[in-house]
Amino acid sequence: GGSITPIQADIILDSIPNDLLEEVLSGNGGTLHEFQDVVIDILGTLLPSCSEPTLERNYSSVPLLLELLRKSEEMDSFSDISGCILSLHMVPPFLQLLNRFE
68 GGSITPIQAD
78 IILDSIPNDL
88 LEEVLSGNGG
98 TLHEFQDVVI
108 DILGTLLPSC
118 SEPTLERNYS
128 SVPLLLELLR
138 KSEEMDSFSD
148 ISGCILSLHM
158 VPPFLQLLNR
168 FE
């Protein structure tokens with residue numbers, strides 16, 4: 068099985084500085100822009116396995132991911148990005164927000 072444990076996912080994701088993630092995702096990093104696909108790939112792989120605290124720490128990237136989603140031309144990246152957003156939306160604060168609308 069190529070599945071990753073929550074502990075491994077947390078460690079890997081925590082080792083990536085948050086501001087670096089945000090810089091790459093925002094596309095303001097110039098050359099870092101090229102790493103966007105890689106970062107989204109990494110997030111798409113790790114987020115579904117991450118623990119809640121790690122998801123909460125990375126929750127700030129949701130607006131950036133939504134912006135990327137809006138700009139994405141290719142179906143492939145569209146589904147990758149939306150996968151990341153969905154994983155992050157499993158975070159309790161977001162679910163509580165949804166419950167308010169019920």
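Just so you know, the working numbering puts 68 at position 1 of the sequence shown, and the rest follows in order with no gaps. Backbone N, C-alpha and C define an ideal beta-carbon position, used for all residues, glycine too.
Touch check for the region 106-114 and the region 146-153: three-plus C-beta pairs under 8 Å?
Yes, since at least three Cβ pairs between the region 106-114 and the region 146-153 fall closer than 8 Å, the two stretches touch.
Kindly give me the distance between the Cβ atoms of S118 and D77, rounded to whole angstroms, as I take these residues to be in contact under 8 Å. For this step, residue 118 is matched to residue 51 along the sequence shown. For this step, residue 77 is matched to residue 10 along the sequence shown. The beta carbons of S118 and D77 sit about 5 Å from each other, so the pair counts as a contact at 8 Å.
- Taking DSSP as the reference, what is the three-state secondary structure of T121? Within the sequence shown, the letter at position 54 stands for residue 121. T121: helix per DSSP, three-state reduction.
Quick check: what's the CA-CA separation for P120 versus N85? In the sequence shown, the residue the question calls residue 120 occupies position 53. In the sequence shown, the residue the question calls residue 85 occupies position 18. Here the C-alpha atom of P120 lies approximately 14 Å from the C-alpha atom of N85.
Worksheet item: How many Å lie between L135 and S116 at the Cα?
Response: For the purposes of this step, residue 135 is taken as residue 68 along the sequence shown, with counting starting at 1. For the purposes of this step, residue 116 is taken as residue 49 along the sequence shown, with counting starting at 1. The straight-line gap from Cα to Cα measures roughly 22 Å.
Using 10 angstroms around the beta-carbon of S128, count the other beta-carbons present and answer buried if the total reaches 16, otherwise exposed.
-> Residue 128 sits at position 61 when you count from the first residue of the sequence shown. Result: buried.
Practice problem: Evaluate D143 with the Cβ neighbour count: other Cβ atoms within 10 Å of its Cβ, from every protein chain shown; 16 or more gives buried, anything less gives exposed. | Solution: For the purposes of this step, residue 143 is taken as residue 76 along the sequence shown, with counting starting at 1. Flag for D143 reads exposed.
### Task
Pick helix, strand or coil for E134, following the three-state DSSP scheme.
As a position in the sequence shown, residue 134 is number 67, starting the count at 1. The answer is helix: DSSP assigns E134 an H, G or I state.
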